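Position one of the sequence shown corresponds to residue 38 (the numbering used here), numbered consecutively onward. From the three backbone atoms N, C-alpha and C, an ideal C-beta is built for every residue, glycine too. Note that the structure is predicted; figures quoted are calculated from it, not measured.
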Amino acid sequence: MATDLHLAQDPDADALLSRSPLAALIGMLLDQQVPMEWAFTGPYTLLQRLGGDDLDAHTIADYDPEAFAALCAQKPAVHRYPGSMAKRIQQLCAYLDTHYDGDAEALWRDVASGTELLDRLVDLPGFGRQKAQIFLALLGKQFGVHPKGWREAAGAYGEKDSFRSIADITGPASLEKVRAHKQEMKAAAKAAKAAKSA
């Protein structure tokens with residue numbers, strides 16, 4: 038699983054995301070209610086504090102919860118809500134430890150279809166359907182994970198040449214296009230809400 042991600046917009050953080058399936062999953066988990074760059078820098082921040090060459094699901098799952106929350110809250114914090122996110126990261130790692138022997142890549146390594154992969158991702162703690170579809174699209178578009186029907190399982194996020202989500206970000210130009218798309222969606226949702234209450 039070697040690719041060249043540009044989600045944290047930081048060379049060291051992006052290098053970790055590119056080579057570490059667990060880091061990519063944790064970044065995706067953190068990608069809510071904070072800017073994307075902050076979320077995807079989180080795994081690298083964690084690694085710096087935990088030490089070692091890579092994040093380890095077993096180590097994180099077994100970490101003392103209070104100590105882990107404190108680790109996540111140190112400045113710069115890994116998320117705007119470090120306490121609740123520390124708990125979610127540990128839940129995710131405990132799930133991977135129990136179901137996949139701590140090997141995050143095992144989630145998709147032997148998967149037979151896009152639907153099966155989507156089901157596996159939806160089962161992860163902290164992953165709703167939309168988050169699972171975006172991550173599935175990221176795997177397909179940037180990691181070369183192509184089980185049968187992966188684009189269909191990823192829904193609109195799997196569409197070719199679209200700029201909807203982190204799955205489509207390969208550098209500054211595509212980042213701007215994704216940001217513009219998200220602003221359009223927000224504006225449309227706001228207009229629809231205003232029209233409803235008028």
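Pick helix, strand or coil for residue i, following the three-state DSSP scheme.
{"i": "Tyr211", "result": "Before going further, note that residue 211 is Ser rather than Tyr in the sequence given. The answer is helix: DSSP assigns Ser211 an H, G or I state."}
{"i": "Lys230", "result": "helix"}
{"i": "Ser150", "result": "strand"}
{"i": "Lys219", "result": "helix"}
{"i": "Arg125", "result": "helix"}
{"i": "His183", "result": "coil"}
{"i": "Leu44", "result": "coil"}
{"i": "Gln170", "result": "helix"}
{"i": "Val159", "result": "helix"}
{"i": "His116", "result": "coil"}
{"i": "Glu103", "result": "helix"}
{"i": "Asp68", "result": "coil"}
Taking 7 Å as the cut-off, is the beta-carbon of residue i closer than that to any non-hydrogen atom of the ligand PLP?
{"i": "Ser150", "result": "The ligand PLP is not among the ligands present in this structure, which contains no ligands whatsoever."}
Starting from residue i and walking both ways along the alpha helix (DSSP H), at which residues does that stretch end?
{"i": "Asp99", "result": "Ala94 to Asp99"}
{"i": "Glu189", "result": "Trp187 to Ala190"}
{"i": "Glu74", "result": "Met73 to Leu87"}
{"i": "Asp51", "result": "Pro48 to Arg56"}
Going by the DSSP bridge assignment, what does residue i pair with across the sheet?
{"i": "Ser199", "result": "Looking at the DSSP assignment, Ser199 forms no beta bridge with any residue, so it has no partner."}
So residue i and residue j are in contact, right, with Cβ under 8 Å, and what is the actual spacing, rounded?
{"i": "Ala98", "j": "Gly120", "result": "No, Ala98 and Gly120 are not in contact; Cβ-Cβ is about 17 Å, not under 8 Å."}
{"i": "Leu155", "j": "Gln170", "result": "7 Å"}
{"i": "Gly208", "j": "Ala191", "result": "21 Å between Cβ atoms; not a contact."}
{"i": "Leu129", "j": "Pro162", "result": "5 Å"}
Hey, is the segment 43-59 in contact with the segment 70-90, meaning 3+ C-beta pairs nearer than 8 Å?
-> yes
Should the segment 125-141 be regarded as contacting the segment 88-100, the criterion being three or more beta carbon pairs within less than 8 Å?
-> yes
Is it a yes or a no for the segment 60-69 touching the segment 207-227, going by three-plus beta-carbon pairs under 8 Å?
-> no
Would you call the segment 145-163 and the segment 172-184 in contact, with 3 or more CB pairs under 8 Å?
-> yes
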